[in-house]
Amino acid sequence: MRQHKELGGREKKFSLFFIYALCLIVLVFPAKIFAASEETKNNISFDAQAVLPDNQQSEASYYDLKVQSGATQDLILKLRNTSTTQIKVKIEANNAVTNQNGSIDYSQHGTKLIGGPSFENLVSESQTVILQPKEDREVHFQLNIPEEGFDGVVLGGFYCYEDTKEEDQKEKGFSLKNKFAYTIGVKLSCSDKKIKQNLTLKKVTPGLDNGYLAVFADMENLQPVLMSKLDMHVTVTKKGQKDVLKVLDKKISFAPRTNFHLPISWNNDPLKKGKYELTMHLTDDKGKKWLFQKDFEIKEADEKLNEQAVEVKKSHNYTWLLYLMSIVSLGIILGLITYIYKLKRKKN
Numbered sequence: 001m002r003q004h005k006e007l008g009g010r011e012k013k014f015s016l017f018f019i020y021a022l023c024l025i026v027l028v029f030p031a032k033i034f035a036a037s038e039e040t041k042n043n044i045s046f047d048a049q050a051v052l053p054d055n056q057q058s059e060a061s062y063y064d065l066k067v068q069s070g071a072t073q074d075l076i077l078k079l080r081n082t083s084t085t086q087i088k089v090k091i092e093a094n095n096a097v098t099n100q101n102g103s104i105d106y107s108q109h110g111t112k113l114i115g116g117p118s119f120e121n122l123v124s125e126s127q128t129v130i131l132q133p134k135e136d137r138e139v140h141f142q143l144n145i146p147e148e149g150f151d152g153v154v155l156g157g158f159y160c161y162e163d164t165k166e167e168d169q170k171e172k173g174f175s176l177k178n179k180f181a182y183t184i185g186v187k188l189s190c191s192d193k194k195i196k197q198n199l200t201l202k203k204v205t206p207g208l209d210n211g212y213l214a215v216f217a218d219m220e221n222l223q224p225v226l227m228s229k230l231d232m233h234v235t236v237t238k239k240g241q242k243d244v245l246k247v248l249d250k251k252i253s254f255a256p257r258t259n260f261h262l263p264i265s266w267n268n269d270p271l272k273k274g275k276y277e278l279t280m281h282l283t284d285d286k287g288k289k290w291l292f293q294k295d296f297e298i299k300e301a302d303e304k305l306n307e308q309a310v311e312v313k314k315s316h317n318y319t320w321l322l323y324l325m326s327i328v329s330l331g332i333i334l335g336l337i338t339y340i341y342k343l344k345r346k347k348n
């Protein structure tokens, strides 16, 4: 009877030991948990649309105009306040640029182009309009084409958004608001002369993309030609080696006469000094292909970016520690099995 009690005590100790071993294994190989986030909806307070003139070239809802040298004409926008309060709407006349996502962007005011006429130079200045509740209003901009005309395409747009600066200043504390905007594109052509495309890759440099490590390929579309929906394939290798370190595949568009800083993610790996090579393949919808190759160097000074970046993987190798912990866990399990076997033999 006494032996039975001793065995029962040992079994109780064994149970606690077994639970401890399981907890250790769970800690060695933890599960990952992902949280989902909800997107907030924009509060739309107005409508904006183009009043298309007679020299419209297509059925597009934006301005697609064939203009004459030295001509002047009005571009008319129709605004409507859909809210029940007075609002102030800012309308910016902006050049089309290529943003870091490889998309045409009309929201940046004052961006310089690479030579030639720009939309901001051809159209009258930005306007601010106050709209009463449910009010409709036509807003006129004057377009002035130079006497010498221009070849290719001038691309820009009207960027319309509610101006809430005064209200934001009145509010106390920190608040985060969604900004809703309408963009109405403007595409101008003056001659039928065909322009040869000229796309270049200038340089590749390391940097931070919204806090994350990347290398930036600086490109230029030197001609007044819109290049849309190209297939891009980019690889990065060590100089003289074939093993691919980084890959980027995406659709991309280039606004006329703009530069473009393409970020290639370093996938949270730390930057390591050395010589590298970037290879870029581009293909348009007609099958025309471009190939660019550019050598670049990550210098010791560039490694300081690792300290500024977020979510950088540590360069330490902990594989040996995982192996050690696995062996320890396996040893614990084998020891428990042996212990149970001996207890059963002694009990019998």
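Numbering (the UniProt record's numbering), first residue to last: 1 to 348.
Every residue, glycine too, gets a C-beta built ideally from N, C-alpha and C.
The structure displayed is predicted, hence computed values, not measured ones.
Rounded C-alpha distance that separates residue i from residue j
{"i": "Leu-334", "j": "Val-236", "result": "47 Å"}
{"i": "Asn-55", "j": "Asp-136", "result": "25 Å"}
{"i": "Leu-52", "j": "Met-219", "result": "34 Å"}
{"i": "Pro-117", "j": "Thr-111", "result": "13 Å"}
{"i": "Leu-199", "j": "Lys-179", "result": "34 Å"}
{"i": "Lys-313", "j": "Lys-294", "result": "26 Å"}
{"i": "Thr-258", "j": "Asp-285", "result": "21 Å"}
{"i": "Asn-94", "j": "Tyr-323", "result": "59 Å"}
{"i": "Trp-266", "j": "Leu-226", "result": "29 Å"}
{"i": "Thr-205", "j": "Gly-240", "result": "18 Å"}
{"i": "Val-244", "j": "Tyr-182", "result": "41 Å"}
{"i": "Ile-340", "j": "Gly-331", "result": "14 Å"}
{"i": "Thr-98", "j": "Gln-197", "result": "16 Å"}
{"i": "Glu-303", "j": "Val-234", "result": "23 Å"}
{"i": "Glu-147", "j": "Phe-141", "result": "19 Å"}
{"i": "Gln-86", "j": "Ile-130", "result": "7 Å"}
Buried versus exposed, by CB contacts within 10 Å (16 or more), residue i
{"i": "Leu-291", "result": "exposed"}
{"i": "Lys-194", "result": "exposed"}
{"i": "Asn-101", "result": "exposed"}
{"i": "Pro-133", "result": "exposed"}
{"i": "Glu-297", "result": "exposed"}
{"i": "Gly-211", "result": "exposed"}
{"i": "Ala-214", "result": "buried"}
{"i": "Asn-268", "result": "exposed"}
Beta-carbon contacts of residue i that lie in its chain and below 8 Å, excluding the five residues immediately before and after
{"i": "Ala-301", "result": "none"}
Same chain only: Cβ atoms within 6 Å of residue i, ignoring 5 sequence neighbours per side
{"i": "Tyr-63", "result": "Ala-50 and Val-186"}
{"i": "Lys-275", "result": "Lys-239 and Glu-297"}
{"i": "Leu-279", "result": "The question names Leu, yet the displayed sequence has Thr at residue 279. Here the set comprises Thr-235 and Gln-293."}
{"i": "Asp-249", "result": "His-233"}
{"i": "Lys-272", "result": "none"}
{"i": "Ala-31", "result": "With a pLDDT of 32 at Ala-31, under the threshold of 50, the modelled position of this residue cannot be trusted; read the value that follows with caution. Within the same chain, Ala-31 has no close Cβ partners at all."}
Residues that DSSP places opposite residue i in a beta bridge
{"i": "Phe-158", "result": "Ala-93 and Ile-184"}
{"i": "Val-139", "result": "Leu-77"}
{"i": "Trp-266", "result": "DSSP output for Trp-266 lists no bridge partner at all."}
{"i": "Gln-57", "result": "None; Gln-57 has no bridge partner."}
{"i": "Thr-200", "result": "Glu-220"}
{"i": "Leu-278", "result": "Val-236 and Lys-294"}
{"i": "Asn-144", "result": "Thr-72"}
{"i": "Gln-49", "result": "Lys-78"}
Same chain, Cβ closer than 7 Å to residue i, neighbours up to 5 away in sequence not counted
{"i": "Lys-344", "result": "none"}
Check: residue i C-beta below 6 Å from any heavy atom of the ligand ATP
{"i": "Leu-222", "result": "This structure simply doesn't include the ligand ATP, nor any ligand for that matter."}
Taking only runs that begin and end inside the stretch 220 to 251, name each unbroken beta strand (DSSP E) of 3 or more residues, in chain order.
-> As far as the stretch 220 to 251 is concerned, its whole beta strand (DSSP E) runs of at least 3 residues are 227 to 238.
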